[in-house]
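Asker: Residue numbers (numbering that gives the first Met the number 0), protein chains in the order written: chain P, 0 to 246; chain Y, 0 to 67; chain G, 0 to 351. Below you will find the structure I want to go over with you.
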Amino acid sequence: MAVAKKVPEILTNQISYCPGCGHGVVVRLIAECIEELGMERNSVWSIGVGCYSLMGASLDLDKIDSLHGRGAAVCTGIKRCNPDTLVVSYQGDGDAYSIGIGESVSAAYRNENITVITVNNTNYGMTGGQMSATTMPGQRTTTSPLGRDCETTGMPMKFPEMIAGSFPDVAYVARGATTTPANVTKLKKYIMNAFKAQMGKEGYSLVEVLSPCPTNWKMTPLQAIDRINNELVDYYPLGELKTREDK
Amino acid sequence: MKVKVRQERCKECGICVANCPKKAISFSKEISVTGYRPVVVDDDLCIGCGICYKMCPDWVFEILGDRG
Amino acid sequence: MEDMIKGNHVFAEAAIRAGARFYAGYPITPSTEIMEYLSTRMDEVGGVFIQAESEQSSMNILVGAAASGVRCFTASSSVGMTLKQEAISHLADEDLPYLAINVVRYGNGLGTLLSGQSDYHRDTRGGGSGDYRNFVLSPYSLPEAVELISHAFDLGDKYRMGAILHTEASLGQMMEPCGFPEMKTVERREGCIDGTFSKERISPLYRDRYSEALEMKERYDRAKENEQMWKSEHVDDAEYVMVAYGLAGRSVIGTVEQLRKEGHKVGYIRPITLWPYPEKAFEEVNPDVKGFISIEENATGQMVDDIALTLKKSDMRSKPVYCLAYAYGVPTMKKIKADFIKIKNGEMKEVY
């Protein structure tokens, strides 16, 4: 007996992402969780700067476009004024871990009761594929055309590990991926846990998502998925780094 | 019919084709209004498991479940 | 007689009395006491106080509060305000009101801890990208600051624009007798972000930019027409009109009084709104005036440009405009008088 599955009502127009981009899956999972929690008319989404900036036209729910990297600060302001509303900051690795690193870390440090979802595709996608904080050693990007040299640029940043390791009071930290049916199922659970942590006023929650970027990785969608499954998860392990019970 | 397909949304990424456990999904020979060859689902092979819905980044699928 | 209170504490309490219930900021001399005062006062009135990790972050926190319809404010000084410019431009794009208190300290870059007026162009033209405007109001005393702070919030709500209380180190640090009005209660603005999505919000990438441009220009023109504020005296028969704002304006009041007693026909215009610039004040000036003198606490002369622009729109466009730019510190009446005599004697060249 098959279970009926329909894309949530709050997702309206199609988003013009590249074929195979992971954003579409992440956005759908967040929308499913919001719908299942009955929070469609009690949620606010902050949309950062990146390819996902285009998704405002596809979301039938309260939202704000934030400046590059500032999502965690804007969400802090929104949550403090609307303490019972589900406030989500949607950011890319470029937005949250480079220009926004100050705001991103400080929201976790202050244990603000918000949920931050960062979509990590190891490059600055929207501007054409420059090196980001999470670009892998040897990875070719438009600003590391010979492959990333970690001797001069540093090792890729593991933000969830940083947060879980530095701030013992945060509510929930996890890393997921969109690359297999099992991973998508787990990722939805992570997002749901993060939202429940927020609604239970337990503190700051973070879910990083490894997402394919076929265009800037110069791969087909399926090759991009393989890159995540075979290479990235060794450096960026999937799973819950801090669960709601570890306090 | 177990699965409804919004062909105008399909971008031919191939993720559903690769993940369908019954190999029920294939690319159409026709070109859609958006310039892609959208997917088609063979209803006889399909078991309505919903993996295509889960993996699709473009919200193409609706699994009809018992209504289908 | 009212109590003697420190300027920075006056600014903070005035915002509270005006109904503001959200503050996010970062310490910076000479504005820090504003934040220190609010760290306990905000709690007393059930508001939100956040000491953020930087001026830029605190301004973005304010974006969230302003978007949520809450009367909110921040305070900083010169180089700290520089960090807020990106968010100020963003707030303007989103039509969100707020108050930013700039306790100006003289200088470029890190600057100094000296009182000055070197941010005039930056605050009136805007340091962020785009062609937005903010209300800019400058008090000459603490009681006037109390009035202007309440007025600034009301202007912001009326025009959906930000407001800057443009003051200086000396006013923030000094004490004088000052009272406060009764506590005001302000409701959250309607149609704001509260989760319910009661009002459609369109992403910047999809908005109708052309009609927004027309609407923005019309709104700014309306503000320019209706919201100019100034004080002036002795302009109808003046041979020379001094123009100065803030504490320099306060010195000029006494200077004009003394010069008049000595037989000189001088008057003054003290702009209170720096944006919109009080062009109407110049319509009252004696048409046979011999010149205008801008008195400023900066190195290069900034407001003098706005005097020249104002005159260009009128029949007085060929009147000379002089500039006494005293770099930093509140200029003394003695100094201004001495320089006035030089101007009157033809020993100083006009700027325009």
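Glycine included, each C-beta is placed from N, C-alpha and C at the ideal position.
Can you tell me the Cβ-Cβ gap for Thr184 (chain G) and Gly18 (chain G), rounded? I've got them flagged as a contact below 8 Å.
Answerer: With 8 Å as the limit, Thr184 (chain G) and Gly18 (chain G) qualify as a contact, their Cβ atoms being about 6 Å apart.
Asker: Cα separation between Glu39 (chain P) and Thr195 (chain G)?
Answerer: Each residue's Cα considered, the two are about 8 Å apart.
Asker: CB-CB under 8 Å to Lys187 (chain P), same chain, minus the five flanking residues each way: which ones, in chain order?
Answerer: Within the same chain, Lys187 (chain P) has close Cβ partners Leu28, Glu31, Cys32.
Asker: For Lys312 (chain G), which residues of its own chain have a beta-carbon under 8 Å away from its beta-carbon, when the five flanking residues on both sides are left out?
Answerer: So the list reads Glu278, once near-sequence residues are dropped.
Asker: Cα separation between Leu95 (chain G) and Ala193 (chain P)?
Answerer: Cα-Cα distance, rounded: 30 Å.
Asker: Does any C-beta atom of chain A lie closer than 8 Å to the C-beta of Ile87 (chain G)?
Answerer: Any reference to chain A falls outside this structure, whose protein chains are P, Y and G.
Asker: Is the Cβ-Cβ distance between Val329 (chain G) and Glu296 (chain G) less than 8 Å?
Answerer: Their beta carbons are under 8 Å apart, which means Val329 (chain G) touches Glu296 (chain G) by this criterion.
Asker: At a CB distance below 7 Å, what residues from the segment 164-197 of chain G approach chain P? Give them in sequence order.
Answerer: Flagged, chain order: Ile192, Asp193, Gly194, Thr195, Phe196.
Asker: List, in chain order, every chain P residue whose beta-carbon is nearer than 7 Å to that of Asp8 (chain Y).
Answerer: Position check: residue 8 (chain Y) holds Arg in this sequence, whereas Asp was assumed. Gln13, listed in chain order.
Asker: Taking C-alpha atoms, which residue in P:Trp216, P:Arg174, P:Val6, P:Val232 lies nearest to Gln138 (chain P)?
Answerer: Nearest option by C-alpha distance: P:Trp216.
Asker: Determine, for Gly63 (chain G), whether the minimum Cβ-Cβ distance to residues of chain P falls below 8 Å.
Answerer: It does: the Cβ of Gly63 (chain G) has a partner Cβ on chain P nearer than 8 Å.
Asker: Looking at the ligand ADP, does it come within less than 7 Å of Ala324 (chain G), judged from the CB to the closest heavy atom?
Answerer: This structure simply doesn't include the ligand ADP, nor any ligand for that matter.
Asker: What is the DSSP secondary structure of Pro176 (chain G), reduced to helix, strand or coil?
Answerer: Correct three-state label for Pro176 (chain G): strand.
Asker: How is the beta strand (DSSP E) around Arg174 (chain P) delimited, first residue to last?
Answerer: Taken as a continuous stretch (DSSP letters only), the beta strand (DSSP E) holding Arg174 (chain P) covers 171-176.
Asker: Kindly indicate if chain G contains any beta-carbon less than 8 Å away from that of Cys74 (chain P).
Answerer: So, interface residue.
Asker: Assuming Ala17 (chain Y) contacts Leu44 (chain Y) under a Cβ cut-off of 8 Å, what Cβ separation, rounded to an integer in Å, is found between them?
Answerer: With a Cβ gap of about 15 Å, Ala17 (chain Y) and Leu44 (chain Y) do not count as contacting.
Asker: Just tell me which of G:Ile268, G:Tyr209, G:Arg40 has its CA closest to the CA of Tyr244 (chain G).
Answerer: For the residues G:Ile268, G:Tyr209, G:Arg40, the minimum Cα distance to Tyr244 (chain G) belongs to G:Ile268.
Asker: Applying a beta-carbon distance threshold of less than 7 Å, which residues of chain Y neighbour Val206 (chain P)?
Answerer: Near Val206 (chain P) there are no residues of chain Y at all, since even the closest Cβ is about 17 Å away, more than 7 Å.
Asker: How would you list, in chain order, the residues of chain P whose beta-carbon sits under 7 Å from the beta-carbon of Ala17 (chain Y)?
Answerer: By Cβ distance, chain P contributes Leu221.
Asker: Measuring CA to CA, which of G:Ala247, G:Asn225, G:Met215, G:Glu256 is closest to His233 (chain G)?
Answerer: Out of G:Ala247, G:Asn225, G:Met215, G:Glu256, G:Glu256 has the C-alpha closest to the C-alpha of His233 (chain G).
Asker: For a contact defined as C-beta to C-beta under 9 Å, what are the partners of Gly55 (chain P) on chain G?
Answerer: Within chain G, the residues near Gly55 (chain P) are Arg200, Ile201, Ser202, Pro203, Leu204, Tyr205.
Asker: Do you know how far the Cα of Val2 (chain P) is from the Cα of Ile46 (chain Y)?
Answerer: Distance between the alpha carbons of Ile46 (chain Y) and Val2 (chain P) is about 10 Å.
Asker: Under 7 Å, CB to CB, which of the residues in the segment 122-156 of chain G have a partner in chain P?
Answerer: Flagged: no residues at all.
Asker: Please identify the residue among P:Asn182, P:Glu244, P:Arg243 whose C-alpha is closest to the C-alpha of Asn228 (chain P).
Answerer: Looking at the Cα atoms, P:Asn182 is the closest of the given residues.
Asker: Examine chain Y for any beta-carbon lying closer than 8 Å to the beta-carbon of Arg226 (chain P), and answer yes or no.
Answerer: Closer than 8 Å: no.
Asker: Could you tell me the boundaries of the beta strand (DSSP E) in which Tyr35 (chain Y) lies?
Answerer: Counting along the chain, Tyr35 (chain Y) falls outside any beta strand (DSSP E), and DSSP gives it neither H nor E.
Asker: Tell me which same chain residues have a C-beta within less than 8 Å of the C-beta of Arg159 (chain G), skipping the five on either side of it?
Answerer: If we look at Arg159 (chain G) and ignore the five residues flanking it on each side, its Cβ neighbours are Asp94, Leu95, Pro96, Arg218.
Asker: Determine, using beta carbons only, whether Ile192 (chain G) and Ser67 (chain G) come nearer to each other than 8 Å.
Answerer: Cβ distance < 8 Å, so Ile192 (chain G) and Ser67 (chain G) count as in contact.
Asker: Using the three-state DSSP reduction, which class does Arg139 (chain P) fall into: helix, strand or coil?
Answerer: Of the three classes helix, strand and coil, the one that applies to Arg139 (chain P) here is coil, per DSSP.
Asker: Are the C-beta atoms of Asp57 (chain Y) and some chain P residue less than 8 Å apart?
Answerer: For Asp57 (chain Y), the answer is yes, since a Cβ of chain P falls inside 8 Å of its Cβ.
Asker: Hey, Ala106 (chain P) and Tyr234 (chain P) are a contact pair by Cβ (cut 8 Å); roughly how many whole angstroms apart?
Answerer: Actually they are not in contact, since the Cβ atoms of Ala106 (chain P) and Tyr234 (chain P) sit about 25 Å apart, beyond 8 Å.
Asker: What separation, rounded to the nearest whole angstrom, lies between the Cα atoms of Arg226 (chain P) and Val62 (chain G)?
Answerer: Answer to the nearest angstrom: the Cα atoms are 38 Å apart.
Asker: Nearest to Ala65 (chain G) by alpha carbon, out of G:Asp304, G:Glu12, G:Leu90?
Answerer: If we check each option's Cα against that of Ala65 (chain G), G:Leu90 comes out closest.
Asker: Starting from Ile294 (chain G), follow the beta strand (DSSP E) in both directions and report where the run begins and ends.
Answerer: That run of the beta strand (DSSP E) goes 290-295.
Asker: DSSP puts Thr117 (chain P) in a beta bridge; with which residues?
Answerer: BP columns for Thr117 (chain P) point to P:Gln90, P:Glu207.
Asker: In three-state DSSP terms, what is Ile148 (chain G)?
Answerer: In this structure, Ile148 (chain G) counts as helix in the three-state DSSP scheme.
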